[in-house]
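Quick note on my numbering: the sequence shown kicks off at 1 and runs consecutively.
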Amino acid sequence: MSLSYVMASADSPWSTYLAQIERVLPYLGGLARWADTLRRPKRTLVVDVPIEMDDGSVRHFEGYRVQHSLTRGPGKGGVRYHPDVTLEEVMALAAWMTIKTAAVNLPFGGAKGGVRVDPVRLSIKELEKLTRRYTSEIGIIIGPHQDIPAPDVNTNAQVMAWMMDTYSMNVGATTTGVVTGKPLHLGGSLGRVKATGRGVFITGREAARRLNLDLNGATVAVQGFGNVGSAAAELFHQAGARIVAVQDQDGSIADPRGLDLAALVPHVRAHGSVAGFTHAEPIDAEAFWDVDCDILIPAALEGQLDAQRARRVKARLVLEGANGPTLPGADDILAERGVLVVPDVICNAGGVTVSYFEWVQDFSSFFWNEDEVNLRLDRIMVDALRRIWDTADRHRIALRTATFAVACERILMAREERGLYP
Ligand code: NAD
């Protein structure tokens with residue numbers, strides 16, 4: 001047990017985040033004196049979530065909501081249901097949200113939530129009870145002006161609808177703006193479901209242009225075929241790229257001629273995994289990292305690209321759809337090998353950007369069409385990436401450090417201007 005909960009254990013996502021903060025300090029000038037605010041979450045809440053199961057037994061689950069920073073606006077960040085969720089992981093994910101919202105200049109801070117549960121083992125009724133009790137427990141710190149949850153791994157629009165309903169019942173008024181990623185008829189936004197994958201595609205398209213890599217005919221390998229990975233794969237496919245390998249929790253498949261996505265998507269919908277897809281070669285999970293490709297998209301979980309795998313990656317371009325997929329040591333190896341990494345904190349910011357659009361639309365009760373959403377998303381992502389790239393060129397630093405530099409300057413400037421209370 002650490003002396004303080006803000007101290008990181010080795011190779012944890014929180015230690016990855018802290019190492020990233022150390023790397024950006026030389027580029028922050030006098031603002032670096034505020035850096036400790038980035039090393040400590042503003043607020044962490046750990047809650048007990050008891051539910052009565054269908055068989056009449058009572059089970060307790062551990063839930064978390066971490067508000068890493070509220071300096072630039074309300075907290076923003078998803079809720080994850082996963083058996084391996086820990087407070088330390090949620091702290092890192094919340095911190096990356098702080099960096100991400102600032103990197104695209106949205107008026108939000110950073111937050112994240114999670115429940116330590118394997119949702120596949122729950123019935124729909126049990127999942128609803130878990131969601132409602134968790135929402136009530138964290139209800140003391142969330143709200144449309146305080147902290148706005150959204151979907152993450154294993155949560156979706158239905159979970160957001162239950163969260164919105166529970167919060168609304170507790171405060172006595174329908175409050176659509178308390179969560180984003182809701183169903184369309186409950187104040188959701190067009191384009192939200194695919195927004196993160198679209199953002200991965202937009203940043204990938206811009207990076208490929210700088211590498212003189214033609215997307216038409218390029219080869220792509222994707223780890224994680226959920227919300228983010230499948231949407232990104234479809235957009236690259238539409239741009240003429242071949243998806244040559246896909247890996248998820250239960251299987252890995254490859255086809256150098258390009259997978260038939262029109263058949264793969266319904267297969268995954270029906271069976272919950274790419275495993276068993278008969279129109280491709282099943283490959284060993286570890287062999288996925290050796291696949292010949294131009295672009296690699298890790299879009300599953302943290303810590304997937306370690307030093308050993310980074311030495312084997314064939315791609316010229318890595319697009320971090322997932323949060324924290326690359327360990328700091330692997331980052332250095334990829335850089336030495338000339339592999340360009342578009343970091344999570346800008347690459348997967350499309351989701352939170354359209355979440356921001358959803359929140360704005362809920363407040364104004366005026367909804368945009370999908371083209372408007374996608375156009376505004378494209379513009380924001382391209383502008384943010386250009387500013388980051390200028391910073392990287394000016395200081396001759398990696399895109400990740402440049403993204404942190406742009407974001408941390410905005411966060412710490414706001415901190416300095418607000419001053420310390422009281
Ligand atoms: P999801 O639950 O829809 O999909 C996750 C995918 O990863 C599934 O295909 C699953 O089988 C696979 N996976 C899980 N563990 C794996 C393992 N050990 N090896 C290989 N594959 C594995 O989740 P999602 O919403 O697509 O999120 C994926 C990542 O993107 C997460 O890191 C999440 O934090 C990040 N992210 C999501 C959003 C969003 O809007 N959903 C936004 C920003 C970042």
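Ideal Cβ positions, reconstructed from N, Cα and C, are used throughout, including at glycine.
Computed from a predicted structure; not experimentally measured.
Collapsing the DSSP output to three states places S365 in coil. DSSP, reduced to helix, strand and coil, places F61 within a strand of the structure shown. In this structure Q308 is exposed. Its beta-carbon is surrounded by fewer than 16 other beta-carbon atoms within 10 angstroms. The three-state secondary structure of R210, taken from DSSP, is helix. Under the criterion of beta carbons closer than 8 angstroms, G321 and A335 do not qualify as touching, at roughly 19 angstroms.
Non-local C-beta neighbours of Y81 in its own chain, meaning closer than 6 angstroms and more than five positions away in sequence, comprise V115, V117, P119, N154 and T155, ordered along the chain.
The DSSP-derived three-state label of Y81 is strand. The beta carbon of E206 sits closer than 7 angstroms to those of V382 and L385, all from its chain and outside the five residues before and after it, given in chain order.
Every beta strand (DSSP E) stretch that sits fully inside the region 325–399 and reaches 3 residues is listed by chain position as 340–342.
Taking the CA atoms as reference points, W34 sits about 31 angstroms from V200. Per DSSP, V47 is not a residue of any alpha helix (DSSP H); the beta strand (DSSP E) it occupies stretches across R43 to E52. Runs of the beta strand (DSSP E) lying entirely within the region 67–112 and spanning at least 3 residues, in chain order: 75–82.
Between the ligand NAD and the CB of V58, the shortest heavy atom gap is not smaller than 7 angstroms. Using a cutoff of 7 angstroms, the CB of G229 counts as near the ligand NAD, since one of the ligand's heavy atoms is closer than that. Look at F363: its beta carbon is at least 7 angstroms from all of the heavy atoms in the ligand NAD. Rounded to the nearest whole angstrom, the C-alpha separation of W289 and R269 is 25 angstroms. At least one heavy atom of the ligand NAD lies less than 7 angstroms from the C-beta of N348. Linking R39 to I21 through their CA atoms gives a straight-line distance of about 8 angstroms. Judged by DSSP secondary structure, S252 falls within the beta strand (DSSP E) whose first and last residues are G251 to A254. Under the DSSP assignment, Q247 falls outside any alpha helix (DSSP H), being part of the beta strand (DSSP E) whose first and last residues are R242 to D248. Straight through space, the alpha carbons of V244 and R418 are spaced by roughly 50 angstroms.
Proximity to Y5 across V90, P282, A233 and G204 peaks at V90, based on C-alpha coordinates. Taking the Cβ of V153 as the reference point, at least one heavy atom of the ligand NAD falls within a distance shorter than 7 angstroms.
Annotation for T219: the continuous beta strand (DSSP E) segment containing it runs T219 to Q223. Annotation: R72 to A349 spans about 16 angstroms, alpha carbon to alpha carbon. Cβ-Cβ separation between V318 and V341: approximately 5 angstroms, consistent with a contact (criterion under 8 angstroms).
As for any beta strand (DSSP E) of minimum length 3 sitting wholly inside the region 267–302, the runs are 295–298, ordered along the chain. In the three-state reduction of the DSSP assignment, I142 falls in the coil class, being assigned neither a helical nor a strand state. Using a 10 angstroms sphere on the CB of M97, the tally of other CB atoms reaches 16 or more, which defines it as buried.
Short of 7 angstroms from the beta carbon of M53, and not among the five residues preceding or following it, lie these beta carbons of its own chain, in chain order: R59 and E126.
Counting C-beta pairs with one atom in each stretch, the region 126–135 and the region 365–383 have fewer than three that are closer than 8 angstroms, which means they do not touch. Following the DSSP letters along the chain, one finds L317 inside the beta strand (DSSP E) bounded by residues L317 to L319.
Taking the C-beta atoms as reference points, S189 is found nearer than 8 angstroms to F357.
Approximately 24 angstroms separates the beta-carbon atoms of D11 and G226; this is outside 8 angstroms, ruling out the contact.
Counting only residues of its own chain and dropping the five nearest sequence neighbours on each side, W162 has a CB closer than 8 angstroms to the CB of E128, T131, R132 and T135. If you check the C-beta of F201 against the ligand NAD, you find no heavy atom less than 7 angstroms away.
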